[in-house]
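When the letters of the sequence shown are read in order and numbered with our numbering, they come out as residues 43 to 329.
Think of the CB as a built atom: it goes at the ideal place given N, C-alpha and C, for glycine as much as any other residue.
Since the structure is predicted, the reported quantities are computational estimates derived from the model, not experimental observations.
Report on the structure given below.
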Amino acid sequence: MDYAKDVLVSTDWVEQNLSTPGIRLIEVDEDILLYDTGHAPGAVKLDWQVDLWHPVERDFITPDKVSELLGRLGIQADDTIVLYGDKSNWWAAYAYWFLSYSGVKNPLKLMNGGRQKWVAEGRPTTTDAPSVEATSYPALTRDDSLRAYRDEVKAHLESVRGGTGALVDVRSPDEFSGKVTHMPNYPQEGVLRGGHIPGARSIPWAKATNEDGTFKSAEELKALYEGEGVTADKDVIAYCRIAERSSHSWFVLRELLGYPKVRNYDGSWTEWGNAVGLPIEKSYSEA
């Protein structure tokens with residue numbers, strides 16, 4: 043069984059195409075300082091904290107700003123964009139989802155294994171930032187079918203109860219149960235309530251990856267999700283804490299497995315867990 047879409051490239055393929063015109067590498071790391079310590083030659087840096095989010099509102103930059111961003115990075119409308127980063131491509135997958143949501147039509151790829159595999163294999167790195175010529179990137183129109191908002195998730199609960207919809211909580215088991223409100227080894231970030239959205243299935247994002255950061259086979263991924271009742275015929279919404287981990291799972295479901303309707307709830311638990319009037323479930327008790 044092959045992946046549904048041709049959206050992964052190997053580290054070997056990337057090294058062989060470092061100088062190929064029209065192949066553009068973008069590094070997106072959770073640790074935004076990693077790029078400066080060494081990156082694949084020719085790769086430009088995308089800073090998710092600065093480049094993707096509105097400076098004041100809890101929302102993304104507008105499509106016209108996305109065009110400006112890609113133009114600043116020297117991206118042409120027909121370039122193949124190869125994204126990669128740390129943490130098994132957490133934030134690279136987030137950028138992949140964000141660019142797809144923003145309406146980018148360029149061929150988008152993830153480098154399988156991400157930064158960790160590239161470095162582990164001793165492939166070339168440089169601390170030199172590439173010199174790029176700015177482009178005039180065309181206007182974009184968002185694809186709203188890829189994003190779920192809070193009220194849509196609330197309405198989706200009826201589909202989950204009726205068996206036509208699915209919710210995938212990709213956080214750690216302790217976050218899902220309500221035992222903790224933050225990722226393991228991460229600081230508490232102010233969410234008022236622990237637990238999960240009613241009806242959600244717990245499928246931690248990392249179950250989709252191998253130790254080297256690459257994705258598991260299509261057969262393994264299919265068994266992982268179908269084993270929890272998350273099947274291709276359902277309307278699926280994935281969430282985590284702020285949507286970086288759920289972007290990774292969105293990528294697996296929509297791009298690798300070819301599920302036709304998968305949305306990413308970017309408000310995720312930081313919104314749902316703090317919102318007034320929204321239901322939660324817990325599977326952990328201190329008693």
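- If we count the other Cβ atoms within 10 Å of its Cβ and call it buried at 16 or more, is Lys147 buried or exposed? It is exposed - the Cβ of Lys147 has fewer than 16 other Cβ atoms within 10 Å.
- Task: Tell me whether Val174 sits in a helix, a strand or coil according to DSSP, three-state version.
- Result: Three-state result, Val174: coil.
- Could you say which of Val70, Trp247, Arg100, Arg189 lies nearest to Glu217 if we only look at CA atoms? It is Trp247 whose Cα lies nearest to the Cα of Glu217.
- Task: Assign Ala329 to buried or exposed, taking buried as 16 or more other Cβ atoms, counted over all protein chains shown, within 10 Å of its Cβ.
- Result: With a pLDDT of 48 at Ala329, under the threshold of 50, the predicted position of this residue should be treated as unreliable, though the coordinate-derived value follows. So Ala329 ends up on the exposed side.
- Return helix, strand or coil for Gly64, following the three-state DSSP convention. Of the three classes helix, strand and coil, the one that applies to Gly64 here is coil, per DSSP.
- Item | Stretch pair the stretch 201-219 + the stretch 267-284: three plus CB contacts closer than 8 angstroms | Verdict: yes, contact present.
- Would you mind listing the beta strand (DSSP E) stretches within the stretch 183-243 that are 3+ residues and don't spill past its ends, in chain order? For secondary structure counted as the beta strand (DSSP E) over 3 or more consecutive residues, the stretch 183-243 holds these complete runs in sequence order: 207-211.
- Task: Starting from the Cα of Trp139, find the closest Cα among Ala176, Lys159, Ala190 and give me that residue.
- Result: If we check each option's Cα against that of Trp139, Ala190 comes out closest.
- Query: Between which two residues does the beta strand (DSSP E) harbouring Asp277 extend?
  - Reply: First-last of the beta strand (DSSP E) with Asp277: 277-281.
- Message: Quick check on the DSSP output: what are the complete alpha helix (DSSP H) runs of length 4 or more inside the stretch 240-321, in order along the chain?
- Response: DSSP runs (the alpha helix (DSSP H)) wholly in the stretch 240-321: 260-268, 286-292, 310-314.
- Message: Let me check understanding here. Comparing Cα to Cα, which of Val51, Arg243, Asp78, Asp185 lies closest to Asn131?
- Response: Measuring from the Cα of Asn131, the nearest candidate turns out to be Val51.
- In whole angstroms, what separates the C-alpha of Leu320 from that of Leu199? Straight through space, the alpha carbons of Leu199 and Leu320 are spaced by roughly 11 angstroms.
- Do Val124 and Leu67 come within 7 angstroms of each other at the CB atom, strictly closer than that value? Yes, Cβ-Cβ distance for Leu67 and Val124 is below 7 angstroms.
- Using a Cβ-Cβ cut-off of 6 angstroms (strictly less than) and excluding sequence neighbours within five positions of Lys221, which residues of its own chain qualify? The beta carbon of Lys221 sits closer than 6 angstroms to those of Tyr326, all from its chain and outside the five residues before and after it, given in chain order.
- Message: Taking the straight line between their C-alpha atoms, what separation do you get for Thr273 and Asp170?
- Response: Looking at the two C-alpha atoms, the distance is approximately 45 angstroms.
- Task: Give the single residue among Val202, Ala82, Glu268 whose Cα lies nearest to the Cα of Arg165.
- Result: With distances taken between Cα atoms, Arg165 lies closest to Ala82.
- Message: Looking only at its chain, what residues have a beta carbon closer than 7 angstroms to the beta carbon of Leu234, apart from the 5 residues adjacent to it on each side?
- Response: Answer for Leu234: Gly315, Asn316, listed in chain order.
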